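A.B. asks: Supplied in structure tokens, the structure appears directly below.
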Amino acid sequence: MVTTENGNSTTILGETDFSSNYIASTFVSQGEPQWMLNRRSDAFEQFRTMPMPSTELEAWRRTDIRGLSVDNFHPPIPDTLDSTLVQQIPHDPDQQAGLIVQQNGVILNSVNSNRGVYFADLQTALKEKPGLVETYLGQAIQQSQTYSRNRFEVMHNAFMKGGYVLYLPAGVVVENPFQVFMTLNGDAVADFSHTLIIAEANSQATIFEEFRSTADKDTALHCGAVEIFLSPNAHLNFVQIQGWNQKTWHFSTQRAIVERDANLRWVTTCLGSRLTKIDQLVELAGTGANADMLGLALADKRQHIDVHTYQKHAAPHTTSDLLYRNVLTDRSRTVWRGMIEVVQDAQNIDAYQKNDNLLLSKHARADTIPGLEILADEVRCTHGATAGQIDPEQIYYLMSRGLPQHWAEEVIVSGFLEPVLQRIPSNDLRNRLKQSISHKLEKDATPVSAKQ
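Written as structure tokens, this is what we have:
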């Protein structure tokens, strides 16, 4: 057993708690390679001694997590799995390149691709492709730190389970999207899924990734990570929907390295969770690299969504375009902090970032903090931000055409989000996302006038 200090009291952690015993009983018994076990051991020692982030840190100044204790959560229990989940997931085998469905980090269903593409859950990849995983896992995060490591990141590294690996060989173009559904079932469950995407030169693919809770009443903790590697002239569309229930804490460290003439379009959607904290960095590492970073959030009740984006131009003749749009109601709050960095000698850069916020309640709050750090001369780097409420004349106009007030508001909200939605390159994925947005808007159909 492992003993940890918690204030003045001592807690004994068993094999189902976050301990070295759990690592041994779970991952050693699964036959993980020694290098992975060593990484887990090193991360656990950091987790054991590292304090929780506080508002004294700049990265956490606007996000207070004093209501969270990781001791209240536990690793997934296998007998809580719902085998009927696969039938509940909308999918069409003829319209997808591959499908992975996971619950509590355990694979329920997998449909693989061909043509040399490797698409599997992380635990399977550690057995079948240990060399590939060792080469890439953790490297993008280690290479591109925006702030010092926090306890959620090292906790993820110690107890990482679930997620998937997608490997695209050079020259392979996959037309249909890969789809991944990750769900949590059971109360007080913690999830540590890791997304690892490696696209070799001249490859192309689209990935749709969705997070769901199976019940609104269950509390949960998600400490996840995303790593993307694009080799020269690779093209990737990556669409994420975070749709947890509003009792889930969501923390995610996300990195992408984009090489010469490669193109990344990354769409981040935040619909659920009690609190979301995302740290997302894209490094444009080769001449001609491009990244479109798109995001939207719908926040209601007391939801708190904090997203930090970082556009790092580490090579000349690179471009990036960021657009994040947030809709807030009730007493919700969003925080967006964006940074454009241009390193020395990275000339001929074109970078833009913009954050727009639509406030549907006088109690909602949107914090916008853009930033520029430029060490080169020949650049065009700009940023913008807006925050405002729905124009009453727009509501009046739509209602005069026969729409009920909450429908009129939904039309306006949908129009506000359209500049992000229209840049999703797949009609099917765009419609799926619109359905998720519409579903949330319908659940919160109280007219704006009643929220003032």
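Per the numbering used here, the very first residue in the sequence shown carries number 339; after that it's consecutive.
In this text, a Cβ means the ideal position worked out from N, Cα and C, and glycines have one as well.
These numbers come from a predicted model, not from an experiment.
Consult DSSP for E798 and reduce its assignment to one of helix, strand or coil.
C.D. replies: The structure shown does not extend to residue 798, since the chain spans only 339 to 790, so no value can be given for it.
A.B. asks: Are the stretch 367-378 and the stretch 464-472 touching, with three or more C-beta to C-beta distances below 8 Å?
C.D. replies: The answer is yes - the stretch 464-472 touches the stretch 367-378, with three or more Cβ pairs under 8 Å.
A.B. asks: How would you label P391, buried or exposed, when you count the other beta carbons within 10 angstroms and need 16 or more for buried?
C.D. replies: It is buried - the Cβ of P391 has at least 16 other Cβ atoms within 10 Å.
A.B. asks: Considering only the beta carbon of each residue, do C561 and A526 sit closer than 9 Å?
C.D. replies: Taking 9 Å as the Cβ cut-off, C561 and A526 do not qualify as a contacting pair.
A.B. asks: What does the alpha-carbon distance come out to for the pair N540 and D554?
C.D. replies: Using only the alpha carbons, I get a separation of about 43 Å.
A.B. asks: Flag V503 as yes if its beta-carbon sits less than 9 Å from any beta-carbon of chain B, otherwise no.
C.D. replies: You won't find chain B in this structure, because it holds only one protein chain.
A.B. asks: Would you call the CB atoms of E621 and A594 closer than 9 Å?
C.D. replies: Yes.
A.B. asks: Hey, L661 and V758 are a contact pair by Cβ (cut 8 Å); roughly how many whole angstroms apart?
C.D. replies: Indeed, because the Cβ distance is near 6 Å, the residues count as touching under 8 Å.
A.B. asks: Which stretch, first to last residue, makes up the beta strand (DSSP E) that contains F516?
C.D. replies: Segment 516-522, the beta strand (DSSP E) holding F516.
A.B. asks: Is the beta carbon of F576 less than 9 Å from the beta carbon of I545?
C.D. replies: Cβ atoms of F576 and I545: closer than 9 Å.
A.B. asks: Tell me where the alpha helix (DSSP H) around P757 begins and ends.
C.D. replies: Note, P757: alpha helix (DSSP H), 743-759.
A.B. asks: Report the three-state DSSP secondary structure of M374 (helix, strand or coil).
C.D. replies: Correct three-state label for M374: helix.
A.B. asks: Within 8 Å, do at least three Cβ pairs link the stretch 667-677 to the stretch 635-646?
C.D. replies: Verdict: yes, contact present.
A.B. asks: List the DSSP bridge partners of P708.
C.D. replies: DSSP, once it has assigned bridges, lists G676 as partnering P708.
A.B. asks: Pop quiz: N442 and G524 are said to be a contact at Cβ under 8 Å. What is the actual Cβ separation, rounded to whole angstroms?
C.D. replies: Sure, about 7 Å apart at Cβ, within 8 Å.
A.B. asks: With a CB to CB cut of under 8 Å and the five nearest residues on each side skipped, what residues in its chain are close to P570?
C.D. replies: Closer than 8 Å at Cβ, skipping near neighbours: A539, N540, E597, R598, D599, A600, G624.
A.B. asks: Could you work out which residue in Y735, A653, L636, E711 is closest to S699 when comparing CA atoms only?
C.D. replies: Looking at the Cα atoms, L636 is the closest of the given residues.
A.B. asks: Once DSSP output is grouped into helix, strand and coil, what is the label at E565?
C.D. replies: Three-state DSSP puts E565 in a strand.
A.B. asks: Take every Cβ of the stretch 379-390, pair it with every Cβ of the stretch 491-508, and state whether three or more of those distances are shorter than 8 Å.
C.D. replies: They touch, by the three-pair rule.
A.B. asks: Nearest to W587 by alpha carbon, out of L395, Q440, D402, D688?
C.D. replies: If we check each option's Cα against that of W587, D402 comes out closest.
A.B. asks: Going by C-alpha distance, which of Q434, F385, A725, F589 is nearest L666?
C.D. replies: The shortest Cα separation from L666 among Q434, F385, A725, F589 belongs to A725.
A.B. asks: Who are the Cβ neighbours of E711 in its own chain at under 6 Å, not counting the five residues just before and after it?
C.D. replies: Cβ neighbours of E711 beyond the five flanking positions: E679.
A.B. asks: Grouping DSSP H, G and I as helix and E and B as strand, with all else coil, what is S326?
C.D. replies: Residue numbering for the chain in the displayed model covers 339 to 790; residue 326 lies beyond these limits and cannot be assessed.
A.B. asks: Can you list, in chain order, the residues of its chain whose CB lies under 6 Å from that of S482, leaving out five sequence neighbours each side?
C.D. replies: Here the set comprises R593, L619, E621.
A.B. asks: Determine the direct distance from the alpha carbon of F567 to that of I535, and round the result to whole angstroms.
C.D. replies: Answer to the nearest angstrom: the Cα atoms are 6 Å apart.
A.B. asks: State the Cα-Cα distance for the pair G365 and G454, rounded to the nearest angstrom.
C.D. replies: Correcting the residue identity first, residue 365 is Phe in this sequence and not Gly. The straight-line gap from Cα to Cα measures roughly 28 Å.
A.B. asks: What is the rounded straight-line gap between the Cα of A478 and the Cα of R663?
C.D. replies: A478 and R663: Cα-Cα distance of roughly 27 Å.
A.B. asks: For I728 and S774, I'd like the C-alpha separation in whole angstroms.
C.D. replies: Distance between the alpha carbons of I728 and S774: 22 Å.
A.B. asks: Could you pull out every residue in the same chain whose Cβ sits closer than 6 Å to the Cβ of A627, ignoring the five residues on either side in sequence?
C.D. replies: Same-chain partners within the cutoff: V596, A600, T656.
A.B. asks: What three-state label does DSSP hand Q584 in the structure shown?
C.D. replies: Reduced to three states, the DSSP call for Q584 is coil.
A.B. asks: Would you list the one or two residues that DSSP bridges to R593?
C.D. replies: E565, L619.
A.B. asks: Identify whether I643 lies in helix, strand or coil by the three-state DSSP scheme.
C.D. replies: DSSP places I643 in strand when its eight states are reduced to three.
A.B. asks: For L779, collect the residues of the same chain with a Cβ closer than 6 Å to its Cβ; drop the 5 residues on either side in sequence, then sort them by chain order.
C.D. replies: The answer, listed in chain order, is E748.
A.B. asks: Quick check on this structure: which residue in D556, F530, G610, V512 has the alpha carbon closest to the alpha carbon of H573?
C.D. replies: The residue with the shortest Cα to Cα distance from H573 is V512.
A.B. asks: Between A689 and K465, what straight-line distance do the alpha-carbon atoms span, to the nearest angstrom?
C.D. replies: Distance between the alpha carbons of A689 and K465: 41 Å.
A.B. asks: By Cβ distance below 6 Å, which residues in the same chain neighbour V564 in space, the five residues on each side in sequence not counted?
C.D. replies: T533, Q592, listed in sequence order.
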